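Just below is one structure, and these are the notes that go with it.
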Amino acid sequence: MTDGSSAGPDFNVIARPTGQGRFQTEVQLRGGPVVADEPVEAGGLGGGPTPYELLSGALAACTAMTLRLYAERKGWTLPPFSVAAAHSIVPAGADGMPPRDLFTRNIAFEAPLDPERSGKLLAVADKCPVHRTLMRGFEIKTEIGTALAPLTPEEPTRHERDMEWACND
């Protein structure tokens, strides 16, 4: 066990409240920390993205990476593009369906693409690793104690291999 003062050799993601405001939290990530918070209107300081914005960012980033990798493998030159993603809740339905999460994603190219290429890129976007994770569901195991136990995150090259898989025709 570690004392939790730093991330382990495989770099666990660690979040700690900053002591500023009700919600502000510093998240230690490979590459440097990110501050997460809630908007002022929700009682936060507005000092960073919300947890759902971070999750939406993961979907947008993975989509952009996967599309670039696919275009590179195909020898395509894509016009500059952006991927936006947002989380919302679909309310419970009158038919008894429970509320559910909805991620809306928009891929915007700065120049038109032919319909065949657009269709192929849309199919590849739906195979990006984060999209697949969100769609298939997952299990969360939680332990509690007095020290952070070293976790075993996915191997560093796993995401890249999953993106390569997504690019297979």
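Its first residue numbered 2, the sequence shown is counted upward by one per residue in this note's numbering.
Idealized CB from N, CA, C, for every residue including glycine.
Just so we're clear, the structure is a prediction, and the values are computed from it rather than from any experiment.
- Comparing alpha carbon positions, the residue from Leu70, Leu46, Leu30 and Val125 closest to arginine 23 is Leu46.
- Per DSSP, the continuous alpha helix (DSSP H) segment holding leucine 122 begins and ends at 116 to 126.
- For valine 14, no alpha helix (DSSP H) segment is defined, and its DSSP state is neither H nor E.
- Leucine 55 places its beta carbon 8 Å or farther from that of arginine 106.
- In this structure, the alpha-carbon of glutamate 144 lies about 12 Å from that of proline 151.
- If only uninterrupted beta strand (DSSP E) runs of at least 3 residues are considered, those enclosed by the stretch 56 to 100 are 82 to 91.
- Annotation for valine 84: Ala61, Thr64, Ala65 and Ile108 place their beta carbon closer than 6 Å to its own, counting only its chain and skipping 5 residues before and after.
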